[in-house]
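Visitor: Just dropping this structure here.
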Amino acid sequence: MKCVILAAGEGKRMHPLTYTRPKVMLPIAGKPILEWNLRNARAAGLKDFIFVVSYKSEMVREYFGNGKKWNIKITYVNQGEPMGTAHAIGMVESFVNDCLVMCGDTIFGTNDIKKIKRKGNKIGLIKVENALEYGIVELIGKYVVKIYEKMDRPFTNVINAGIYHFNKDMFSYIRNTEKSARGEYEITDSINLFASKEKMEGVFLKDWRDVVYPWHLLDANEELLKKLKTKIQGTVEKNVTIKGPILVGKGTVIRSGSYIEGPVIIGDNSNIGPHCFLRPYTTIGNHCHIGNACEVKNSIVMDHSNVPHLNYVGDSVIGEHCNLGAGTTVANLRLDKNNIVVTLNGKKIDSKRRKLGTIIGDNVQTGINSTINVGTMIGNNVFIGLGALAKEEIRPDSKIL
Amino acid sequence: MCGIIGYVGFRDARTVLLESLKRLDYRGYDSAGVAIIDQTLKVYKEVGEIARVEKQIPMMKGTTGIGHTRWATHGAVTKENAHPHLSCDKKIAIIHNGIIENFTKLKEELLKKGHTFLSQTDSEVIAHLIDDAYKGNLEDAVISAVKKIQGSYAIVVVCEDEPEKIIGVRKESPLVIGVGDSENFLGSDITAFLKYTKRVKFLNDGELVTITKDTITVFNINKKVIPKKEELITWDVKDAEKSGFPHFMLKEIYDQPDSVHQVLRGRLSEIEETVTFPEQVERLLTGDVTQIHIVACGTSFYAGLVGKYLIEQLTNIPVFTELASEYRYFGTRNETSLVIAITQSGETADTLAALREAQTSGCKTLVITNVIGSTATRISDGYILQQSGPEIGVAATKTFTSQLIVLLLIALKIAILQKKIGSDELYNAIFDLKELPRYAREVLERSDDILAIANQLKNAQSVFFVGRGINFPLSLEGALKLKEISYIHAEGFAAGELKHGPFALLTKDTPVVAIVTQDTTYDKMLANIGEIKARGSTVIAIAEDNDTEIEKHADYVLRFPTGSQVLPCIPITIVLQLLAYHVANLRKCPIDKPRNLAKSVTVE
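Those protein sequences? They're chains A and B, same order as listed. Throughout the first sequence, residue numbering follows our numbering, covering 205 to 605 in sequence. Throughout the second sequence, residue numbering follows our numbering, covering 496 to 1099 in sequence.
This is how it looks when you write it as structure tokens:
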């Protein structure tokens, strides 16, 4: 059985991080989202993968190659123009018979994948608190009657989780799917066509983590880090305090006086300390530097980025190749303790988080003593001048002086 | 300039070909056609828009096919003359870009052998030649045909009996291989398949390629396999789109603050006070150059005329700017001549021919182009990239201003190498160059003033452009821009030349655009304006902000920012571009695709 992973999307709601990478390549707990899915699917016994790619597909291909590193086989299919999920799945018709299809930007658990893999057409379901943003699934018994996209007043909290088992005959329904109101060919429409003629079994999942907005990476990161077991491959100098589980990659040095409260992941060839404070649920990438008198809490720092001297970074995501100037600090809590409202792609969104620092795209440099307000979205290739205040949304390639 | 696409893979070939042809539309567009193998070979072609061909083609399952947009060179614009062309048994289809020079002789021979021709094109002989040589192996048949034809070509062939294979061959016409997954592409440029893959392999002159769903085999005429490196294209489909502007041309005019910056990037150093080029280019400029020939066509030729002023002003080297298509008939050349060829696409056939001519005469060759990997970059001793990004509008805009800047950088570099420029002067030049993006932006902000004047010109039968010195080639460019997109007759003249003939054409209904800069030509320009006014013509002056005198002489004045001593031609050009654009837009002309014109002209 082949496993089709949809990995073509840009993920505009994941700006500024997806200006420079496809959504599935966003790192969580040190690995791209797509790799978590690949590993879980492999553990469920799948060996033959098809990645449907498009946006910045060269990055997916460069990272995963032909799959040899994971002992699996990967075939790529380029979607060309993204025209919806049904269009993406339709692409693979000539490559598969019976297949498992999953969205590459949502993490599915191994046991759930095993259940979906069993014989017959199936769709993964999950119950959520707020079903507004999802496809609502109407069931009779365990079979799907209809899926409704983004209802104003959902009549149930059972939603389409984004994982399916399709037999070959599904593709004739996909071919006959018409464009939806928002101008895309949507797999939910194909499933509705299918469900009116044939049986599609709904399967409730146990492990499911979707990431829509950049701050959801922090939730997903926390969830995965909770399962972390200590493994230290790098060097830890004397007088370093380590509490809780930590993972330290090859070539990484943790210098004297550092205080690390796990769970924390540190990648390969990074330079930590001396005298820094890493707090729980923090993931530091490869070739990073966290220097003297820096505190990093519940954050993701991607490869080749530096938090080098006198910095505070909390509840934040920092892209690749960034450098914070000495004294750059990130605010992560409003003084009135209200939820933090973020401006993303020009629209205001309630992040539903009381604590949220900043989301910083790739190649951002900040000057000394610059200040970054709560919920600031900073595009890639941005300069923040010395002593400057960064707030709200900063477009890529701009300079804040 | 014809557009070519070949596809073999898993997708519905109909969709892929039609989408690619729409993308290639700007290259040539008097007719279009596709051939798809859906059990049998099926061909659809039509005169006019690609949408007209699209209507004819039913949905089908074929996943191998070729497509072509034509810009007529041999034979009229008719359905029969549109590509693809077929063999007599209708099993082999070919598409071709270029010219088969010996087609009359080949056609006679084929007619004697009993082949029937349906079109007047030179291209059709290729289909019959392949058919004639076909004995069950398409590669062998194509090689045999290629050995007989003379001229320039990019040819793509499909055959019903070998349905999962496409063969391409190129000589002096562009053809690029797009590397996909379980699919592969051939295209006359990368835009043709950029939506599906960014991985490409470049084909050299005389090389052939067979693509199937899973393989790409490049080989030469002796069937020797040639290994090819895969390269990754860094720009996106989005880069080639209009980003919100009504026309590509307007977008590209507005790109200029950035494109001006891009062309300077990495080449200017204020600290070291120098201009830097790649090593092989610097070597060309260091040698004992006794004369420079600039060869180019169209807008690039006018850039070359400006280049003559710029280089001669700063160095002692005589510069001759010549039309590429005329170069072979004139001129003296030897080992100490440097030939600078300017071609935006790097594929302009006339310019490539001049380059080859120069090389045979032992001259050193340097190319200024916008397209990396283009033929011009591969056949010259050195090349300088304009770094302007793709230009889709047929009328050259940002690529012209970038060419001017490259020419100035060359002039500065030679002057530095020959120690002809003092450090103060050099510092000022570098400082001024860095200010150019700002001047460009300031002109763009005045677009509405230019629109007001465009209203005065929109009903004119004929418009003249005049200037002196470096402004003379700019007036030629201003006239070219106006005529090519607005279809108003326009001519550029050296201001002093008017009285030697063109005066006879001046009436009160022929507006004259005069470019006036406050340099040594200023007083004479005012006198010339006086002469024109005396014949009753309306004078629109393009002048600097601080020129208060000019209002007394001209009827209308369009301003550009004062201060750009080193290259006032950049802001002036942008004024001229916006003027042409607004006039054409008011006249509701198809600005991005003027009639009878193509973006890059790949025939001589």
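Note that CB positions come from ideal geometry on N, CA and C, so glycine has one too. Remember, predicted model here, so these are calculated numbers, not experimental data.
Per DSSP, what are the beta-bridge partners of Asp1042(B) in this structure?
Guide: For Asp1042(B), which the question treats as bridged, DSSP gives no partner whatsoever.
Visitor: So what does DSSP say about Thr1015(B), is it helix, strand or coil?
Guide: The answer is coil: DSSP assigns Thr1015(B) none of H, G, I, E or B.
Visitor: Against Thr692(B), what residues of chain A qualify as contacts under a CB-to-CB distance less than 7 Å, listed in chain order?
Guide: Within 7 Å Cβ-Cβ: Asn282.
Visitor: Say whether the segment 522–540 of chain B touches the segment 584–594 of chain B, bearing in mind that this needs 3 or more beta-carbon pairs closer than 8 Å, one atom from each stretch.
Guide: Judged by Cβ distances under 8 Å, the segment 522–540 of chain B makes contact with the segment 584–594 of chain B, as three or more pairs qualify.
Visitor: Residues of the segment 272–297 of chain A with a CB closer than 7 Å to any CB of chain B: list them in chain order, please.
Guide: The segment 272–297 of chain A vs chain B, Cβ under 7 Å: Thr279, Tyr280, Val281, Asn282, Gly284, Glu285.
Visitor: With H, G and I counted as helix, E and B as strand and the rest as coil, what does DSSP make of Lys929(B)?
Guide: In the structure shown, Lys929(B) sits in a helix (DSSP, three-state: H, G or I).
Visitor: Check Leu336(A) in the structure and name its three-state DSSP category.
Guide: Reduced to three states, the DSSP call for Leu336(A) is coil.
Visitor: Under a three-way DSSP split, which group does Asp1004(B) fall into?
Guide: In this structure, Asp1004(B) counts as coil in the three-state DSSP scheme.
Visitor: Say whether the segment 773–792 of chain B touches the segment 946–954 of chain B, bearing in mind that this needs 3 or more beta-carbon pairs closer than 8 Å, one atom from each stretch.
Guide: Result no; under three Cβ-Cβ pairs closer than 8 Å.
Visitor: Under a Cβ-count criterion, where at least 16 other Cβ atoms within 10 Å of its own Cβ denotes burial, should His995(B) be classed as buried or exposed?
Guide: Result: exposed.
Visitor: Could you check whether Leu514(A) and Cys492(A) sit closer than 8 Å to each other, using their CB atoms as the reference points?
Guide: Not a contact, by the Cβ cut-off of 8 Å.
Visitor: What residues are listed by DSSP as bridge partners for Arg665(B)?
Guide: According to DSSP, which records beta bridges pairwise, Arg665(B) is partnered with Ala649(B).
Visitor: Using a Cβ-Cβ cut-off of 6 Å (strictly less than) and excluding sequence neighbours within five positions of Asn966(B), which residues of its own chain qualify?
Guide: Cβ within range, chain order: Ile1010.
Visitor: Determine the burial state of Tyr824(B): buried for a count of at least 16 other Cβ atoms within 10 Å of its Cβ, exposed for fewer.
Guide: Classification of Tyr824(B): exposed, given that the 10 Å Cβ count is below 16.
Visitor: Tell me the residue span of the alpha helix (DSSP H) that contains Val637(B).
Guide: It spans 633–643 - the alpha helix (DSSP H) in which Val637(B) sits, taken as one unbroken run.
Visitor: Let me know the beta strand (DSSP E) ranges lying completely inside the segment 574–630 of chain B, each 3 residues or longer, listed in chain order.
Guide: Segments of the beta strand (DSSP E) lying fully in the segment 574–630 of chain B: 587–595.
Visitor: Under the rule that 16 or more other beta-carbon atoms within 10 Å means buried, what is Asp943(B), buried or exposed?
Guide: Asp943(B) comes out exposed.
Visitor: For a contact meaning CB atoms closer than 8 Å, what does Glu262(A) contact in chain B?
Guide: Within chain B, the residues near Glu262(A) are Lys693, Arg694, Leu727.
Visitor: Give me the Cα-Cα distance between Gly877(B) and Arg778(B), rounded to the nearest whole angstrom.
Guide: Going from the Cα of Gly877(B) to the Cα of Arg778(B) covers about 9 Å.
Visitor: With distances taken Cα to Cα, identify the nearest neighbour of Leu850(B) among Val866(B), Leu833(B), Asn865(B).
Guide: Closest by alpha carbon: Leu833(B).
Visitor: If the criterion is Cβ atoms closer than 8 Å, does the pair Thr224(A) and Gly565(A) meet it?
Guide: It is a contact, given that the beta carbons lie within the stated cut-off.
Visitor: Between Val529(B) and Gly663(B), what straight-line distance do the alpha-carbon atoms span, to the nearest angstrom?
Guide: Distance between the alpha carbons of Val529(B) and Gly663(B): 16 Å.
Visitor: Around the Cβ of Asn230(A), are there at least 16 other Cβ atoms within 10 angstroms (buried) or fewer (exposed)?
Guide: The residue you asked about is not Asn; residue 230(A) is Leu in the sequence shown. When all chains shown are included, Leu230(A) counts as buried.
Visitor: Would Phe505(B) count as contacting chain A if we go by Cβ distances under 8 Å?
Guide: It does: the Cβ of Phe505(B) has a partner Cβ on chain A nearer than 8 Å.
Visitor: Below 8 Å, can you find three or more Cβ-Cβ pairs linking the segment 665–679 of chain B to the segment 691–705 of chain B?
Guide: Touching, per the Cβ criterion.
Visitor: Determine the extent of the beta strand (DSSP E) in which Gly366(A) is found, giving its start and end residues.
Guide: Element bounds for Gly366(A): 362–370.
Visitor: Gly562(B): buried (16+ other C-beta within 10 angstroms of its C-beta) or exposed?
Guide: Buried.
Visitor: Should Ser677(B) be flagged as near chain A, meaning a C-beta pair shorter than 8 Å?
Guide: Ser677(B) counts as touching chain A.
Visitor: Is the Cβ-Cβ distance between Phe988(B) and Val961(B) less than 8 Å?
Guide: A contact, by the Cβ cut-off of 8 Å.
Visitor: Going by Cα to Cα distance, which pick from Asn1023(B), Asp783(B), Thr573(B) is closest to Ser614(B)?
Guide: Here the closest residue by C-alpha is Thr573(B).
Visitor: What is the rounded straight-line gap between the Cα of Lys1088(B) and the Cα of Val889(B)?
Guide: Taking the straight line from one Cα to the other gives about 6 Å.
Visitor: Suppose the cutoff is 8 Å on Cβ atoms and the five residues either side in sequence are ignored; what does the same chain contact list for Phe398(A) look like?
Guide: For Phe398(A), where only same-chain residues beyond five positions count, the Cβ hits under 8 Å are Asn325, Met374, Tyr377, Met404.
Visitor: Quick check on Tyr922(B): buried or exposed, where buried means 16 or more other Cβ atoms within 10 Å of its Cβ?
Guide: Tyr922(B) comes out exposed.
Visitor: Pick out whichever of Ile916(B), His623(B), Leu633(B), Glu937(B) has its Cα sitting closest to the Cα of Pro1063(B).
Guide: Measuring from the Cα of Pro1063(B), the nearest candidate turns out to be Glu937(B).
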